[in-house]
Amino acid sequence: MGIDSAMVDASGDVVVSAPPPGTAGWRIAVAGLPGDDGADAKTLVLSQAAVTTSGDARQAVVIDGRRYSHIVDPQTGIGVSGPAAVTVIAADGATADALATAASVLGPDAAADVIDRLPGCSARFVWQAGDGIEHCTTAGWPAD
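Adding 591 to a residue's 1-based position in the sequence shown gives its number in my numbering.
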């Protein structure tokens, strides 16, 4: 007798196996940006997949009024300044994590070009825009 279904959460990077008995999948909450009162939070239902979020939403520094992520752009050597959070769904945790970090550097348009070509991968980009919050998704992202 082995383990039929499992969820592993390593600091917010989540990998799930087959769903628990009697369910369509694992329910995974993806937080919105800090201070949005949960208005932009999302609940995913996943099976045999991984989900990872990267960006400056929770790890950043503000210098002279500009916010910089802990993720460094290799072309400039400076922390990325947007989007605030990129959540990626992929078949495994390593792919999801790598794509979420790369997408934070590339930005929504260039990252979507890459992610849309990878089977089973999708992404959601969220950022602060004035007094509100904006978001966009790649083609394969689960419908809201």
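For each residue, glycine too, the CB sits at the ideal point set by N, CA and C.
Note that the coordinates shown come from a computational prediction; the quantities given were computed from them, not determined experimentally.
Legend entry - Three-state secondary structure (DSSP) of Ser672: Here residue 672 refers to the residue found at position 81 when the sequence shown is read from its first residue. Coil at Ser672, not helix or strand.
Inset, instruction - Report yes if the C-beta distance between Val605 and Gly646 is below 9 Å; otherwise report no. - result: Along the sequence shown, one-based indexing puts residue 605 at 14. Along the sequence shown, one-based indexing puts residue 646 at 55. In this structure, Gly646 does not lie closer than 9 Å to Val605 by Cβ.
Legend entry - Where Val677 falls, given that 16 or more other Cβ within 10 Å makes a residue buried: One-based indexing of the sequence shown puts residue 677 at position 86. That one is buried.
Inset, instruction - Check whether the region 700-713 touches the region 656-669, counting contact only when three or more Cβ pairs, one atom from each stretch, lie closer than 8 Å. - result: Contact between the region 700-713 and the region 656-669 is absent, because fewer than three Cβ pairs lie under 8 Å.
Inset, instruction - Note down, one range per segment and in chain order, each beta strand (DSSP E) of at least 3 residues found wholly within the region 633-664. - result: Counting only unbroken stretches of 3 or more residues, the beta strand (DSSP E) elements lying wholly within the region 633-664 are 633-637, 640-645, 651-654 and 657-660, in sequence order.
Inset, instruction - Compute the distance between the beta-carbons of Ala714 and Val679, then report whether it is under 9 Å. - result: Working through the sequence shown from its first residue, we reach residue 714 at position 123. Working through the sequence shown from its first residue, we reach residue 679 at position 88. In this structure, Val679 lies closer than 9 Å to Ala714 by Cβ.
Legend entry - When Ala675, Ser608, Gly656 and Pro610 are compared against Ile724, the one with the closest alpha-carbon: Working through the sequence shown from its first residue, we reach residue 724 at position 133. Closest option to Ile724, Cα to Cα, is Ala675.
Legend entry - Same chain, Cβ closer than 8 Å to Gly593, five either side skipped, listed in chain order: Taking the first residue of the sequence shown as 1, we reach residue 593 at position 2. Result list for Gly593: empty, nothing under 8 Å.
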